[in-house]
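Residue numbers (the working numbering), protein chains in the order written: chain U, 1062 to 1171; chain S, 1062 to 1171.
Here the structure is laid out as structure tokens; the discussion comes afterwards.
Protein chains: 2
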Amino acid sequence: MGATKTEHYSEKQNQISTLAKALGHPARIAILDFLLKVDTCICGDIVNELPLAQPTISQHLKELKNAGLIKGNIEGNAICYCIDETALEILQDYFKTISTNIEKKKSNCC
Amino acid sequence: MGATKTEHYSEKQNQISTLAKALGHPARIAILDFLLKVDTCICGDIVNELPLAQPTISQHLKELKNAGLIKGNIEGNAICYCIDETALEILQDYFKTISTNIEKKKSNCC
DNA sequence: AAACTATATCGTAATATTGCAATGAAATAA
DNA sequence: TTATTTCATTGCAATATTACGATATAGTTT
């Protein structure tokens, strides 16, 4: 099939998996890393940093934006991208919760 | 094309994206949630919890295992799965680093 | 206005993922 | 030994993703 059966899972599970999926490509991690590395929000030139053609990067940016991981502001004829903290906080909280739950369990096998 | 150009990215970027990709499906998040919810490691019956056929779940478990997110111990003719903390720590550290970096920047735009 | 710059969208080819029925393999129970 | 149970693997169809050339759009410059 190839189509995920999203309707069978909880909203939280879909939310986390959607965010994780958006991060599931090295180019998109590289974009986030670059947005962090640069002091101000970056207007363009992500294309010069990655080994991908402009349409491909535009597509990756769109996916990050759709997932809510980055925001884009129009600035003249360029677009200024930066990280959206909200989404990252959701992920951070999720992993923190898992970690504390594991800690609590101290599994009796494995 | 459809093939990711992994060779162009840093090891860290590939590591994080691989882990994120493994979490990029609600069924796999549901599996992790279930492993956490149950007190001991679970031997089977994930199939009864999810709306997917047994081969499909076996496939998802394999992907989680390949990514290093879960471990499996053979126990008679059943297999006992549980979460591997190491991979989760890597992700947690990554998101923590991003958060502190964003905090430091206090972006002057967006 | 025309030329230029920056980004998005379209179309398409190559490849990957998702899901399942059928089947296999391996331990256990009868 | 012959079921039975539990999980993995194979093979395949449907769909999604990745990448890019060509083209469109929109602002800027000349």
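From the three backbone atoms N, C-alpha and C, an ideal C-beta is built for every residue, glycine too.
The structure displayed is predicted, hence computed values, not measured ones.
First and last residue of the uninterrupted beta strand (DSSP E) at residue i
| i | result |
| --- | --- |
| residue 1142 (chain S) | 1139–1144 |
| residue 1131 (chain U) | 1131–1136 |
Rounded separation between residue i and residue j - CA only
| i | j | result |
| --- | --- | --- |
| residue 1118 (chain S) | residue 1077 (chain U) | 19 Å |
| residue 1047 (chain U) | residue 1123 (chain S) | Residue numbering for chain U in the displayed model covers 1062 to 1171; residue 1047 (chain U) lies beyond these limits and cannot be assessed. |
| residue 1110 (chain S) | residue 1120 (chain S) | 15 Å |
| residue 1155 (chain U) | residue 1166 (chain S) | 24 Å |
| residue 1068 (chain U) | residue 1075 (chain U) | 9 Å |
| residue 1107 (chain U) | residue 1116 (chain U) | 12 Å |
| residue 1164 (chain S) | residue 1102 (chain U) | 14 Å |
| residue 1104 (chain U) | residue 1162 (chain U) | 41 Å |
| residue 1114 (chain S) | residue 1071 (chain U) | 19 Å |
Residue environment, residue i, which counts as buried when at least 16 other CB atoms sit within 10 Å
| i | result |
| --- | --- |
| residue 1088 (chain S) | buried |
| residue 1139 (chain S) | exposed |
| residue 1064 (chain S) | exposed |
| residue 1091 (chain S) | buried |
C-beta atoms of residue i and residue j nearer than 8 Å
| i | j | result |
| --- | --- | --- |
| residue 1142 (chain U) | residue 1093 (chain U) | no |
| residue 1073 (chain U) | residue 1112 (chain S) | no |
| residue 1147 (chain S) | residue 1133 (chain S) | no |
| residue 1126 (chain S) | residue 1153 (chain U) | no |
| residue 1149 (chain S) | residue 1151 (chain U) | no |
| residue 1145 (chain U) | residue 1135 (chain U) | no |
Bounding residues of the alpha helix (DSSP H) (the contiguous stretch that carries residue i)
| i | result |
| --- | --- |
| residue 1066 (chain S) | From DSSP, residue 1066 (chain S) is part of no alpha helix (DSSP H); its letter is neither H nor E. |
| residue 1056 (chain S) | Any question about residue 1056 (chain S) goes unanswered here, given that chain S covers just 1062 to 1171. |
| residue 1084 (chain S) | Per DSSP, residue 1084 (chain S) belongs to no alpha helix (DSSP H) and is neither H nor E. |
Is the number of C-beta pairs between the region 1083–1096 of chain U and the region 1079–1086 of chain S that are closer than 8 Å three or more?
-> yes
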